[in-house]
Amino acid sequence: MTETTITIVNRAGLHTRPAAMLVKLAAQFKSEIYLVRDGFQINAKSIIGVMTLAAEQGSTLVLQAEGPDEQQATDAIVELFSTGFGEQ
Amino acid sequence: MIRGEPSRGEHTLKGIPASAGLAIGKAVVLNVATGSSTPERIAPHEVEAEVSRFRVALEAVVAELVRASELARSESATVSSIIESFLLIVGDPIVTQSICERIGAGASAEAAVIAEYDAAKGTLVMANDPFLRERVQDFEHVKERVLAMLRNATLAHSVASDSIVVAGSITPQDMLFFKHSKTLGFVTEVGGINSHACILARDLSLPAVIGIRSATTEIVSGQTIIVDGFAGVVVVDPDEATLLEYVRRHHELAEHRKRLGELIGQPSQTSDGVGVKLYVNVDTPQQAVEAVMQGADGIGLVRTEFLLVQQGRYPTVEEQEEWYREIALRAFPLPVTFRAFDVGSDKFRIGIPHHEDNPALGLRGIRFLLFKPDVFEQQVCAVLRASANRNVRFMLPMVSVIDEVVQAKAVIERCKERLRAEGVDHDPNMPIGIMIETPSAALMTESLAASVDFMSIGSNDLTQYALATDRTNELVADIYDALHPSVLRLIAFVVDAANKMNKPVSLCGELAGHAIASEMLVGLGLHEFSVSPALLLELKSRIRATTHAACVERAKAAVFQSSTADVYTVLSQGRP
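Protein chains in written order, with numbering that gives the first Met the number 0: chain A, 0 to 87; chain B, 0 to 575.
Given below as structure tokens:
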């Protein structure tokens with residue numbers, strides 16, 4: 000299993016559009032992918048889960064991935080977060 | 000299904016007018032109330048069939064949404080993005096899996112769907128973020144679609160082409176389907192006049208009355224009903240005389256609309272030559288073109304919140320500038336009034352720090368903008384940048400005390416200095432105006448007028464605050480009426496004070512388009528109106544058909560009445 004700490008850099012936080020982008024990306028991988036915030040774990044393939052995280056700009060999350068393509072999944076999701084979901 | 004005693008004979012139900020027009024047709028009552036006749040539990044041997052029933056329904060909802068989203072793409076970007084978010088919710092694999100597990104544990108598909116979506120809603124209701132809390136409605140819509148599909152109640156198929164849809168509530172995608180099936184009009188029990196569905200009904204020119212609490216029990220499918228989207232009433236089972244009268248009016252309306260087209264290019268003035276300026280309210284650059292084509296004197300109100308609702312966030316200065324500039328260019332050389340973001344209350348709520356028990360009295364309009372100076376400054380700079388052609392005006396919403404005007408003007412000056420320093424072309428004398436929509440602003444018009452270039456009366460909010468009646472709450476719909484004498488007296492007071500201070504004042508709420516109010520408003524001294532593009536020529540035709548003296552008579556008669564009903568009576572006198 001991989002575990003990576005990520006920070007939300009885009010201004011709007013994980014609102015509907017970024018949440019949708021994340022879920023669509025996560026769904027492309029076979030691995031189980033989770034996001035953890037303050038001990039609250041949600042499945043990154045669930046739009047409802049991601050929206051209920053209500054993660055705002057500056058908040059820190061832990062990304063967990065486990066499965067055959069865990070490294071590719073981690074890399075792709077870290078990339079999405081670090082580019083601020085193409086918001087800037 | 001529980002039904003009230005269907006009343007016999009003609010009767011009238013009063014609601015809120017949500018979209019103007021008349022429709023006469025057979026009612027189709029849609030009842031997708033949750034938790035009625037289906038069993039809660041199923042036997043173990045039924046699990047497999049139940050799971051497959053659920054999956055079939057889910058696929059049908061996805062297919063329906065995909066089709067709706069394709070329709071929406073060409074009709075409205077807002078609706079399209081709403082439907083996209085419905086699609087993501089309905090396609091959530093974790094929720095689907097969890098619903099299947101519930102069915103596996105013996106729940107019926109309906110019970111499992113209700114339990115799962117309600118649980119998700121429960122989490123969101125607790126969210127700190129008000130924007131997220133409002134997504135609860137999306138879950139409710141998706142849940143209703145899946146349940147409707149489970150019951151084979153495919154709404155689009157059950158509606159014949161000459162019918163009037165009566166429902167608890169209507170979603171934007173229902174509306175698009177109904178439009179394609181040539182539905183004549185809508186009646187709903189809930190929903191605010193500014194809900195997505197109502198905005199769409201107006202865009203599509205489909206008559207609608209909302210907020211009739213008992214609509215789906217009082218009206219029975221197959222009954223003849225009349226939807227009067229002007230008065231906000233529904234006549235059920237009309238007797239022959241009423242029916243003939245409405246058929247006549249309906250026919251006249253069609254003839255009238257043809258004749259209206261001939262008024263484009265004619266001056267807007269009373270028959271004795273008193274000129275009135277007619278502006279339009281717009282939400283999009285496309286509507287700006289429509290305004291010009293209809294011969295408007297300008298754009299009296301651009302509701303910039305549309306940009307927020309569309310994007311679900313605060314757009315950048317560049318994005319805003321492009322949008323403002325496009326509207327200003329399309330309207331050029333006519334003037335365009337951009338109203339600053341009217342965030343809060345029943346509208347967009349991103350950035351409001353916490354839940355408000357009384358949002359209409361809370362952090363909204365100019366209060367919010369001064370609370371979030373970065374948001375305000377970005378908007379002011381974007382509007383200034385779009386003012387290079389000198390046809391842009393800027394208006395502050397929800398002003399209640401003069402300090403707000405002083406502070407806002409300081410921000411605007413700062414932004415001008417910044418643009419000057421950067422060498423960006425803009426209008427240094429861009430006119431600044433305020434909305435008069437609180438009783439306090441109305442009573443202080445004279446003091447406020449000295450600090451601004453123009454004023455615009457927002458009759459919708461002024462009515463809500465004068466009568467202390469939430470305009471989106473159907474429980475008190477019968478009190479909310481812009482024709483109450485208290486509202487008319489406030490308007491008369493504002494107009495007198497503005498004239499005394501020699502500052503232009505217009506009226507931009509729904510009242511401006513109200514058929515029986517136009518003459519009275521001109522008589523009160525209002526010579527500028529801003530209405531939705533669909534109402535512009537209607538208003539022009541009414542003004543051209545009257546004299547200024549007749550207007551003054553109407554105004555005098557109306558303001559001295561003691562109730563809304565009396566105002567309606569005196570304003571309806573001498574009309575067909």
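Glycine included, C-beta positions come from ideal geometry on N, C-alpha and C.
Alpha carbon to alpha carbon, how far is residue i from residue j?
i: residue 305 (chain B); j: residue 461 (chain B); result: 21 angstroms
i: residue 144 (chain B); j: residue 64 (chain B); result: 10 angstroms
i: residue 475 (chain B); j: residue 211 (chain B); result: 11 angstroms
i: residue 563 (chain B); j: residue 553 (chain B); result: 14 angstroms
i: residue 188 (chain B); j: residue 73 (chain A); result: 48 angstroms
i: residue 401 (chain B); j: residue 395 (chain B); result: 12 angstroms
i: residue 1 (chain A); j: residue 340 (chain B); result: 44 angstroms
i: residue 496 (chain B); j: residue 167 (chain B); result: 44 angstroms
i: residue 291 (chain B); j: residue 24 (chain A); result: 44 angstroms
i: residue 477 (chain B); j: residue 268 (chain B); result: 34 angstroms
i: residue 544 (chain B); j: residue 120 (chain B); result: 54 angstroms
i: residue 216 (chain B); j: residue 207 (chain B); result: 18 angstroms
i: residue 8 (chain B); j: residue 209 (chain B); result: 22 angstroms
i: residue 510 (chain B); j: residue 458 (chain B); result: 6 angstroms
i: residue 135 (chain B); j: residue 82 (chain B); result: 14 angstroms
i: residue 432 (chain B); j: residue 294 (chain B); result: 24 angstroms
i: residue 522 (chain B); j: residue 548 (chain B); result: 8 angstroms
i: residue 55 (chain B); j: residue 303 (chain B); result: 41 angstroms
i: residue 124 (chain B); j: residue 117 (chain B); result: 10 angstroms
i: residue 508 (chain B); j: residue 455 (chain B); result: 9 angstroms
Excluding sequence positions up to five away, which residues of its chain have a Cβ less than 8 angstroms from the Cβ of residue i?
i: residue 49 (chain A); result: 13, 18, 21, 22, 34, 41, 43
i: residue 312 (chain B); result: 349
i: residue 437 (chain B); result: 397, 398, 399, 460, 461, 464
i: residue 284 (chain B); result: 322, 325, 326, 329
i: residue 492 (chain B); result: 441, 442, 444
i: residue 567 (chain B); result: 482, 515
Residues in its own chain within less than 7 angstroms of residue i by CB, not counting five upstream and five downstream?
i: residue 220 (chain B); result: 26, 27, 28
i: residue 489 (chain B); result: 438, 441, 461, 465
i: residue 560 (chain B); result: 484, 566, 569
i: residue 252 (chain B); result: 21
i: residue 137 (chain B); result: 84, 85, 88
i: residue 78 (chain A); result: none
i: residue 115 (chain B); result: 94, 97, 98, 101
Taking residue i as the reference, give the member of the options with the closest Cα.
i: residue 92 (chain B); options: A:80, A:63, A:31; result: A:31
i: residue 105 (chain B); options: B:118, B:545, B:297, B:50; result: B:50
i: residue 63 (chain A); options: A:76, A:84, A:85, A:7; result: A:76
i: residue 555 (chain B); options: B:543, B:544, B:570; result: B:570
i: residue 336 (chain B); options: B:385, B:360, B:353; result: B:385
i: residue 435 (chain B); options: B:448, B:428, B:122, B:426; result: B:448
i: residue 530 (chain B); options: B:407, B:250, B:280; result: B:280
i: residue 67 (chain A); options: A:29, A:16, A:80, A:56; result: A:29
i: residue 122 (chain B); options: A:47, A:16, A:3; result: A:47
i: residue 380 (chain B); options: B:318, B:364, B:403; result: B:318
i: residue 164 (chain B); options: B:222, B:117, B:142; result: B:222
i: residue 502 (chain B); options: B:430, B:99, B:387, B:203; result: B:430
i: residue 249 (chain B); options: B:362, B:183, B:470, B:57; result: B:183
i: residue 364 (chain B); options: B:454, B:526, B:388, B:338; result: B:338
i: residue 41 (chain B); options: B:68, B:479, B:69, B:111; result: B:111
Looking only at DSSP bridge pairs, what is residue i linked to?
i: residue 40 (chain A); result: A:35
i: residue 268 (chain B); result: B:274
i: residue 63 (chain A); result: A:2, A:33
i: residue 352 (chain B); result: Per DSSP, none; premise fails for residue 352 (chain B).
i: residue 18 (chain B); result: B:207
i: residue 291 (chain B); result: Looking at the DSSP assignment, residue 291 (chain B) forms no beta bridge with any residue, so it has no partner.
For residue i, collect the residues of the same chain with a Cβ closer than 6 angstroms to its Cβ; drop the 5 residues on either side in sequence, then sort them by chain order.
i: residue 1 (chain B); result: Reliability fails at residue 1 (chain B), whose pLDDT of 39 lies under 50, so the model's placement of it is uncertain and no value is given.
i: residue 153 (chain B); result: With a pLDDT of 41 at residue 153 (chain B), under the threshold of 50, the modelled position of that residue is not reliable, and the figure given next carries that caveat. None.
i: residue 10 (chain B); result: 235
i: residue 296 (chain B); result: 276, 277, 278
i: residue 8 (chain A); result: 83
i: residue 161 (chain B); result: 24
i: residue 355 (chain B); result: 361
i: residue 518 (chain B); result: 545, 550, 553
Residue ranges of each alpha helix (DSSP H) run of no fewer than 4 residues wholly in the stretch 72 to 121 of chain B, ordered along the chain?
-> 76 to 89, 92 to 103
Which runs of the beta strand (DSSP E) fall wholly inside the stretch 397 to 473 of chain B and span at least 3 residues, in chain order?
-> 431 to 435, 453 to 456
Which runs of the beta strand (DSSP E) fall wholly inside the stretch 364 to 402 of chain B and span at least 3 residues, in chain order?
-> 391 to 395
Beta strand (DSSP E) runs wholly inside the stretch 484 to 567 of chain B, at least 3 long, in chain order | 504 to 506, 527 to 530
Sequence ranges, alpha helix (DSSP H) only - wholly within the stretch 197 to 283 of chain B, length at least 4 | 214 to 217, 239 to 259
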